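**Q** Mapping to numbering that gives the first Met the number 0: the sequence shown position 199 is 198, numbers consecutive.
For reference, the structure I am asking about is given below.
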Amino acid sequence: MIPDTLRSGVRQSHANLWHRCPTQLWFYLYSGPMKPSIYRITGSAGHAAIEFDMIHRLETGESRKISEVLDIFTSNYDAGLLTLDSTEGVDPKRLRDRITGYGNEPGSLPLIIRQTARLTPKLVEKPFSLDIEGIDVPIVGTIDFFASDGTLRDFKFRIGARTPTQNDIDRSFQLTTYQLGLVSLGEHVRTVGEFEILANPSKSAGVVEISAPPRSDRELEGALDEFTSIVRFVDLANGDPGLYPKTSPQNWWCGEKWCGWWNKCPRGGGKYE
Ligand code: SF4
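Pasting the structure below:
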């Protein structure tokens, strides 16, 4: 049986959980979302600010003032901080300064707004829904940014030390899913990629763009198969957590710091609820 949390659509985020740890997908579907973190709050505040600028550019052809974009970021960020029990060792003021800028130091948010000025938006935060043959659940998602020259880009705020590599972009399931969405909307994709918005509080702000050729028809077919397999597994497992494999304990995200369900997972001494 398909749970209500999946019935309206399977998303790339479901697939990401599945790839990282199928038990995380069980928690997400049957026990509620992962607890909020400063990393997630920063990402959503940053997305809200970029979207605010991009939608204006889509509608008028002109960028917002940087001060207006920073206001959107700051108000979302500050509101998000109020929901947190802990900032997990991250200094929230320093992180905010790294993103908005401080004194003569540029912030990563003004840098991304300037760097994307060369691209003419065609679709911004565009939702899509794609039916899959043989299952009742569509693939749904929202495309961050698609430019009129066929450029598909996702925006990622990187607070940790690691910046994704070319290999990560070549294999990104998220970008493959977005391309599937664009194909379903009748768009032709010429390049896929991410803007890595560097926001580590102890390093310089910056923006790195990593791109890759569009996915092949075979890769898109593979992604459809993957979504189909996930939905079929969830249906057959019928909510039984014992049927969902746990990730290897050697994986860095399987621990109290990175897995928001650690305290509920038997691996962390909790129990499924
Ligand atoms: S604690 Fe480890 S095994 Fe349990 S849900 Fe999290 S990542 Fe998976």
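Cβ atoms here follow ideal geometry from the backbone N, Cα and C, with glycine treated the same way.
Because the structure is a prediction, the values reported are computed rather than measured.
#1: From the DSSP output, in three-state form, read off S128 for me.
#2: Among E124, L235, E50, D239, which one has its Cα closest to the Cα of I134?
#3: What residues in its chain sit with their C-beta under 8 Å from that of P35, if we drop five residues either side in the sequence?
#4: Here's the rule I'm using: 16 or more other beta-carbon atoms within 10 Å means buried, otherwise exposed. How should L242 be labelled?
#5: Evaluate N75 with the Cβ neighbour count: other Cβ atoms within 10 Å of its Cβ, from every protein chain shown; 16 or more gives buried, anything less gives exposed.
#6: Do you know offhand how far G268's Cα is from N262's?
#7: Are the Cβ atoms of R157 and N103 separated by less than 8 Å?
#8: For R266, is the beta carbon positioned less than 7 Å from some heavy atom of ligand 1?
#9: Is W260 near ligand 1, in the sense that its beta carbon is under 7 Å from a heavy atom of that ligand?
#10: Quick one, are the C-beta atoms of T175 and G140 less than 8 Å apart?
#11: Tell me whether the segment 22 to 34 and the segment 1 to 9 touch, counting them as touching only if at least three CB pairs, one residue from each stretch, are closer than 8 Å.
#12: Does G42 come out as helix, strand or coil in the three-state DSSP assignment?
#13: Could you tell me if the beta carbon of L23 falls within a distance shorter than 7 Å of some heavy atom in ligand 1?
#14: Counting only the same chain and skipping the five closest in sequence on each side, list residues whose C-beta sits under 7 Å from that of W252.
#15: Look at the alpha carbon of T41 and the alpha carbon of S228, and state the distance between them as a whole number of angstroms.
#16: Is P213 buried or exposed, if buried means 16 or more other CB atoms sit within 10 Å of its CB?
#17: Report back the beta-carbon spacing between I138 and F226 to the nearest angstrom; my notes put them in contact at under 8 Å.
#18: What would DSSP say about K202, mapped onto helix, strand or coil?
#19: Considering Cα atoms alone, identify which of S201, V123, G180 is closest to A160.
#20: I'd like to confirm the pairing. Which residues does DSSP put opposite G140 in its beta bridges?
#21: How long is the line joining the alpha carbons of S207 and F144, rounded to whole angstroms?
#22: On a Cα-Cα basis, can you pick out the residue from F172, R117, G8, P126 that is closest to T150?
#23: Does DSSP put A222 in a helix, in a strand, or in coil?
#24: Measuring straight from C-alpha to C-alpha, what distance separates T275 and G106?
#25: Given K155, which residues of its chain have a CB within under 8 Å of its CB, disregarding the five upstream and five downstream residues?
**A** Looking at the atomic coordinates:
#1: strand
#2: L235
#3: G79, T82, L83
#4: exposed
#5: buried
#6: 7 Å
#7: no
#8: yes
#9: yes
#10: no
#11: yes
#12: helix
#13: The sequence given here places Gln at residue 23; Leu does not occur at that position. It does: the Cβ of Q23 is within 7 Å (strictly closer) of some heavy atom of ligand 1.
#14: R19, C258
#15: 32 Å
#16: buried
#17: 5 Å
#18: coil
#19: S201
#20: F127
#21: Per the sequence presented here, residue 207 reads as Val, with Ser not at that position. Computed Cα separation, rounded: 16 Å.
#22: R117
#23: helix
#24: With the chain covering only 0 through 272, there is no way to say anything about residue 275.
#25: G42, P163, E193, F194, E195, I196
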